[in-house]
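Using the UniProt record's numbering, the letters of the sequence shown map in sequence onto residues 1 to 311.
All C-beta atoms in this analysis are idealised placements derived from N, C-alpha and C, irrespective of residue type, glycine included.
Report on the following structure.
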Amino acid sequence: MEKKAQLHTLQMRKSSLKKQKLPAERHCRVLVAVALQPCAPETRVWISPRPPLWYDTTEPTLSDADFKANFHDTRQPFAYIVSSCSWLSRQDPNVRRCIPLHKRVALSLYRLASSAEERTVAHLFSVSRSSVNNICREFCDILLHVFEPQNICMPSINDLKGHMRQFEATTGFPQGFGALDGCHVNVAPAKENPQDCCNYKGWYSVILLALVDHLYKFIFTNVGSPGRNHDSAVYKGSVLARVVNTQLLSEPAKQIKGESVGAINLCDQAFPLTSNLMKPYPNRSTSGKLCGTLTTLCMKQDLLWRMPSVG
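Here it is as structure tokens:
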């Protein structure tokens, strides 16, 4: 009898455990089933309605001076840039109109000229921040691959003599080829080695090394060297230094007071004095025989000061 009672007790306990286990299993199954249900897609706005703001309402009424102050260009060159940037244009989809080409060019020029934040530019032109980023990148690609080869180039050997005659007629400096200088462009440094971009003025930059002709037109540029570098070091490591040291600038020589003088690039005291680089004398107070030379160098310095502002 005792064994039967013990067996009955064990069966009752087993049945009770099964009853307790079933709700737990059912609960787990319900959770798994809910988790496996396909999630409803999140409702997203494809395009937010934006009212016309500064560009659509104010830009058409800007004077020529105000237009140049905002876009660093006048209306006529702006129209030429628009006509040359057909790659930026987009076809209108079925549900909305795309950003017009002239607005894409104006947005990019304003972004480059003002260094404004993408949020600010997006607000002024009634577009999204992502559109500002994408359009500016596409515009810069066109500048590098289309405009740079056409507009920034060295004079050919056949044009070199005529180029130097025009330089002398404009500046009064004989055998002049171009004016060379460096410019610090403010940048946000990389996280790895930010100290490389810290210049002698205490802020972060990269160096733009530029050579311009007598019409202030860029004929050579080298940009991207860290701001801590010296202008002379940037010049020595550039393609320009190798070109200058070739026979290209030594062939059209001219006899000046018994000396054979080739083509000369005018620069400031940050650069070395070589047969192809002319810089001012360190002591500006020297008089007498150097008076005429310094007067000519002042013309050169004026040319450097009037170089196009970059950055």
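Please classify SER128: does DSSP put it in a helix, a strand, or coil?
Along the sequence shown, read from residue 1 onward, the residue named residue 128 stands at position 128. In the three-state DSSP reduction, SER128 falls in the coil class, being neither helix nor strand.
Tell me whether residue 332 sits in a helix, a strand or coil according to DSSP, three-state version.
Residue 332 lies beyond the stretch modelled for the chain, which goes from 1 to 311, so this question has no answer here.
Straight-line CA distance for SER84 to LEU62?
As a position in the sequence shown, residue 84 is number 84, starting the count at 1. As a position in the sequence shown, residue 62 is number 62, starting the count at 1. A direct Cα-to-Cα measurement between SER84 and LEU62 gives close to 23 Å.
Expressed to the nearest angstrom, what Euclidean distance is found between the alpha-carbon atoms of PHE177 and GLN91?
To locate residue 177, count along the sequence shown from 1; it is residue 177. To locate residue 91, count along the sequence shown from 1; it is residue 91. In a straight line, the C-alpha of PHE177 is about 46 Å away from that of GLN91.
Does GLN76 pass the burial test, meaning 16 or more other C-beta atoms within 10 Å, or should it be called exposed?
Residue mapping note: residue 76 aligns to position 76 of the sequence shown, counting from 1. GLN76 comes out exposed.
Compute the Euclidean distance between the alpha carbons of GLY172 and GLY162, then round it to the nearest angstrom.
Against the sequence shown, residue 172 aligns to sequence position 172. Against the sequence shown, residue 162 aligns to sequence position 162. Cα to Cα, GLY172 sits roughly 15 Å from GLY162.
Look at the Cβ atom of ARG242, then the Cβ atom of CYS197, and state whether they are nearer than 8 Å.
Counting from 1 along the sequence shown, the entry for residue 242 is found at position 242. Counting from 1 along the sequence shown, the entry for residue 197 is found at position 197. Cβ atoms of ARG242 and CYS197: not closer than 8 Å.
Beta-carbon separation of LEU249 and GLY262 under 8 Å?
Taking the sequence shown and counting its residues from 1, one reaches residue 249 at position 249. Taking the sequence shown and counting its residues from 1, one reaches residue 262 at position 262. Contact flag set, yes.
Taking 8 Å as the threshold (C-beta atoms), are ILE219 and ILE152 in contact?
The residue given as residue 152 occupies position 152 in the sequence shown. The residue given as residue 219 occupies position 219 in the sequence shown. ILE219 sits close to ILE152, with the two beta carbons spaced by under 8 Å.
Quick check on the DSSP output: the alpha helix (DSSP H) that includes LYS161 runs from which residue to which?
Within the sequence shown, residue 161 is the residue found at index 161, counting from 1. Counting along the chain, LYS161 sits inside the alpha helix (DSSP H) bounded by residues 160-171.
Would you identify the three-state DSSP class for GLN269, choosing helix, strand or coil?
The residue you call residue 269 lines up with position 269 of the sequence shown. Three-state result, GLN269: coil.
In terms of residues, what are the limits of the alpha helix (DSSP H) holding ASP231?
The residue you call residue 231 lines up with position 231 of the sequence shown. ASP231: member of the alpha helix (DSSP H) spanning 231-236, first to last residue.
Opening and closing residue of the beta strand (DSSP E) in which VAL206 lies
Position 206 of the sequence shown, counted from the start, is the residue given in the question as residue 206. Run containing VAL206: 205-212, per the beta strand (DSSP E) assignment.
Output the distance between the C-alpha atoms of THR57 and GLU138, rounded to the nearest integer angstrom.
Mapped onto the sequence shown, residue 57 falls at position 57. Mapped onto the sequence shown, residue 138 falls at position 138. The straight-line gap separating the alpha-carbon atoms of THR57 and GLU138 is approximately 25 Å.
Is GLN166 near HIS214, with beta carbons less than 8 Å apart?
Position 166 of the sequence shown, counting from 1, holds the residue named residue 166. Position 214 of the sequence shown, counting from 1, holds the residue named residue 214. In this structure, HIS214 lies closer than 8 Å to GLN166 by Cβ.
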